[in-house]
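For reference, the structure is listed below as structure tokens.
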Amino acid sequence: MTAEVYFAQRRATGGGGLMDKIEQLLDAAGLAQIVASGDRVAVKTHFGEPGNTTHIRPEILRRLIKKVRQAGANPFVTDTNARRSPRRTEAVGHLEVASAHGFNCQTLGAPVLIADGVDGLHGTTYPTGGTQPGTVAIAGAIDDAEAIVVANHVTFHPEVGFCGALYHLGLGALTRESKLALSTVATEALVLAGGAPAAAETASEPTALPPDLLAARVAEAFGVVHRSKGGKILYCNILMDLTPDPDGASWSDAAVIPDVGILVSRDPVGLDQATADFLNMQTGIPGTRLMDPATPDKIRSLAPAADWDYLLELVARDGLGSRDYELLII
């Protein structure tokens, strides 16, 4: 089945501009059919690392939250503790960072929670039925919610090519403990698989996964989270401030392509395919980290080791979406 992906371009010449377009996108994509009166709705986003200045804008979340409340639901804004960060690996520092970046109840109109608790251990474990580690733990507040609205700021990313909805929810909805187990592997496991660890490594030290294995694990984790809500998830990709590094970086390099707009869909695969197509079709901005502004594959140019295409293919094969999509312009 062809995915329906709704698009609003960044350009505006008057009126409410982008803020009004957000409401129109959510209406067109069927938010009111996804969330029910009384539902606890996790608005999943990323609050940004200290020093990062290009994370999602609180004003966008506030307008999204307004629409969730109009549907009679009870939204809260959430993220999970980071794998690696000076301050975001536990909830106290994480909430302080969020508030400093403009994400709090007063600015958003909804409570802000760290979904996996103070120490990143609060969650519910589910089997993946696939690769090691064989289980993932969905962060407690996300698991407890009846519905999810994913508010994902798209950037490029060295590990997965770009931060799309699949990566945002597949890794970002897990507890910190589960993220670490999913995204690293003991050196001895690589040796058994025929790898060649550096001489300084020991069998007990974790190392980053090969791109294909990371894609497989993220795909499996995404499937667990997606299925846990029985279709009650709406995915939003914000294609603005398109930097070469993710929001977890403690800096913000210059955007490498112009702002595009916002994409919304109930189909996460079609959404991420449309996102990748938009990223690659833009003309690069000269003088940025994108060495060849005319290259037809911006993603591989900035993240040559990543296997973003394989991640989309795995999730599509799992029956969770279609790479064929219809772009419906608002």
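First residue of the sequence shown: 1459, per the numbering used here; consecutive thereafter. From the three backbone atoms N, C-alpha and C, an ideal C-beta is built for every residue, glycine too. This structure is a prediction, so every number in the text was calculated from the model and none was measured.
Would you give the residue range spanned by the beta strand (DSSP E) that residue i belongs to?
i	result
glutamate 1517	First-last for glutamate 1517: 1516 to 1528, but that is the alpha helix (DSSP H), not the beta strand (DSSP E).
arginine 1675	Counting along the chain, arginine 1675 falls outside any beta strand (DSSP E), though it belongs to the alpha helix (DSSP H) covering 1669 to 1686.
leucine 1692	1691 to 1697
Could you confirm whether any beta carbon from chain D is found closer than 9 Å to the beta carbon of residue i?
i	result
valine 1714	Protein chain content of the structure displayed is limited to a single chain, and chain D is not contained in it.
Go ahead and label residue i buried or exposed: buried means 16 or more other beta carbons lie within 10 angstroms of its beta carbon, across all protein chains shown.
i	result
valine 1576	exposed
proline 1533	buried
serine 1708	exposed
cysteine 1563	exposed
arginine 1675	buried
glutamate 1663	Summary for glutamate 1663: the model assigns pLDDT 46, below 50, so the residue's position carries little reliability; its value from the coordinates is reported in the next sentence. Under this definition glutamate 1663 is an exposed residue.
aspartate 1755	exposed
leucine 1650	Note on leucine 1650: pLDDT 36, under 50, position unreliable in the model; the coordinate value appears next. Its Cβ having fewer than 16 others within 10 Å, leucine 1650 is exposed.
alanine 1666	exposed
threonine 1586	buried
glutamate 1554	exposed
proline 1726	buried
threonine 1613	buried
Helix, strand or coil, according to DSSP, for residue i in the structure here?
i	result
histidine 1626	helix
asparagine 1738	helix
lysine 1756	helix
arginine 1498	strand
lysine 1613	Sequence check: residue 1613 is threonine here, not lysine. Residue state, collapsed to three classes: coil.
threonine 1583	strand
glutamine 1482	helix
valine 1555	helix
leucine 1748	coil
glutamine 1467	strand
proline 1726	helix
valine 1535	strand
isoleucine 1743	coil
threonine 1593	strand
leucine 1566	helix
alanine 1573	coil
glycine 1598	helix
alanine 1549	helix
alanine 1461	strand
arginine 1476	The sequence shown places leucine at residue 1476, not arginine. Three-state DSSP puts leucine 1476 in a helix.
Below 7 Å CB to CB, which residues in the same chain sit around residue i once its five sequence neighbours on both sides are set aside?
i	result
isoleucine 1787	Phe1465
asparagine 1539	Arg1546, Thr1547, Glu1548, Ala1549, His1552, Ile1572, Asp1574, Gly1578, Arg1634
glutamate 1617	Leu1672, Ala1764
proline 1516	Gly1560, Phe1561, Thr1565, Leu1566
Between which residues of its own chain and residue i is the CB-CB distance below 6 Å, once the five residues before and five after are set aside?
i	result
phenylalanine 1512	First, the amino acid is wrong: residue 1512 is threonine here, not phenylalanine. Same-chain partners within the cutoff: Asp1699, Thr1701, Ser1710.
leucine 1571	Phe1534, Thr1536, Ala1599
glycine 1619	Ile1757, Ala1761, Ala1764, Trp1766
lysine 1628	The sequence as given places glycine at residue 1628; lysine does not occur at that position. The residues are Val1676, Ala1679, Phe1680.
arginine 1498	Asn1532, Ala1603, Glu1604
glycine 1588	Glu1678
Beta-carbon within less than 8 Å of residue i's beta-carbon, same chain only, minus the 5 sequence neighbours each way: which residues are those?
i	result
glutamate 1771	Arg1781
How is the alpha helix (DSSP H) around residue i delimited, first residue to last?
i	result
isoleucine 1787	Note, isoleucine 1787: premise wrong, no alpha helix (DSSP H); beta strand (DSSP E) at 1783 to 1787.
leucine 1640	1634 to 1641
tryptophan 1709	Taken as a continuous stretch (DSSP letters only), tryptophan 1709 belongs to no alpha helix (DSSP H), as it is neither H nor E.
valine 1773	1766 to 1775
isoleucine 1492	1489 to 1492
(message) Three Cβ pairs or more, each shorter than 8 Å: is that satisfied between the stretch 1777 to 1786 and the stretch 1629 to 1638?
(response) No contact exists between the stretch 1777 to 1786 and the stretch 1629 to 1638.
(message) Within 8 Å, do at least three Cβ pairs link the stretch 1469 to 1485 to the stretch 1517 to 1531?
(response) Taking 8 Å as the limit for Cβ pairs, the verdict is that the stretch 1469 to 1485 does touch the stretch 1517 to 1531.
(request) Spell out a yes or no on whether the stretch 1738 to 1751 and the stretch 1596 to 1609 are touching, meaning 3 or more CB-CB pairs, one atom from each, closer than 8 Å. (result) In short, these stretches do not touch, since the Cβ pair count stays below three.
(message) Does the contact criterion of 3 or more C-beta pairs under 8 Å hold for the stretch 1486 to 1506 versus the stretch 1729 to 1747?
(response) The stretch 1486 to 1506 is not in contact with the stretch 1729 to 1747.
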